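Note sheet for the following structure.
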Amino acid sequence: MINDPCLDCGTPTLGVMTMADGSTLGIGMNRLSFDDGWRCGECAGYECDGCGKNIYLDEDINIVNANGYNDKYHYDCLTPELKLIAIEQGEIDE
Ligand SMILES: [Zn+2]
Ligand SMILES: [Zn+2]
3 MINDPCLDCG
13 TPTLGVMTMA
23 DGSTLGIGMN
33 RLSFDDGWRC
43 GECAGYECDG
53 CGKNIYLDED
63 INIVNANGYN
73 DKYHYDCLTP
83 ELKLIAIEQG
93 EIDE
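Heads up: take any position in the sequence shown, counting from 1, add 2, and you land on my numbering.
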């Protein structure tokens, strides 16, 4: 059965839903397509500039640093200073 395993961790990125009439339907779960296949939401995410672990897709907090580059953090990895900057930049609510 093809479940489009994640290129990095092997987690299936295609779920199967059983319909009322007993037929099955493949549904894509949080995933991103790459040239060579699929990656799950976690592996497709960015690396956190705080802890170095991957951030789940769409859960990254982007902060423009002093050099003009985007730093990405888990919400939980934001220091109080970074939180203030994130609020200022409209990334998170207070
Ligand atoms: Zn993965
Ligand atoms: Zn982190």
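In this text, a Cβ means the ideal position worked out from N, Cα and C, and glycines have one as well.
Source: prediction; values computed, not measured.
- Query: Ile65 lies in the alpha helix (DSSP H); which residues open and close that run?
  - Reply: Counting along the chain, Ile65 falls outside any alpha helix (DSSP H), though it belongs to the beta strand (DSSP E) covering Ile63 to Val66.
* Element boundaries [alpha helix (DSSP H), containing Lys85] -> Pro82 to Glu90
key: Neighbourhood of ligand 1 [Cβ distance below 6 Å to any heavy atom], ordered by chain position   = Cys8, Asp10, Cys11, Thr13, Arg41, Cys42, Glu44 and Cys45
Where do the ends of the beta strand (DSSP E) carrying Gly28 lie? Thr26 to Gly30
contact_flag[the stretch 41-54, the stretch 66-81] where n(CB pairs < 8 Å) is 3 or more = yes
Check your understanding: Closer than 7 Å from C-beta to any heavy atom of ligand 2: which residues, in chain order?
Key -> Cys50, Gly52, Cys53, Lys55, Ile57, Tyr75, His76, Asp78 and Cys79
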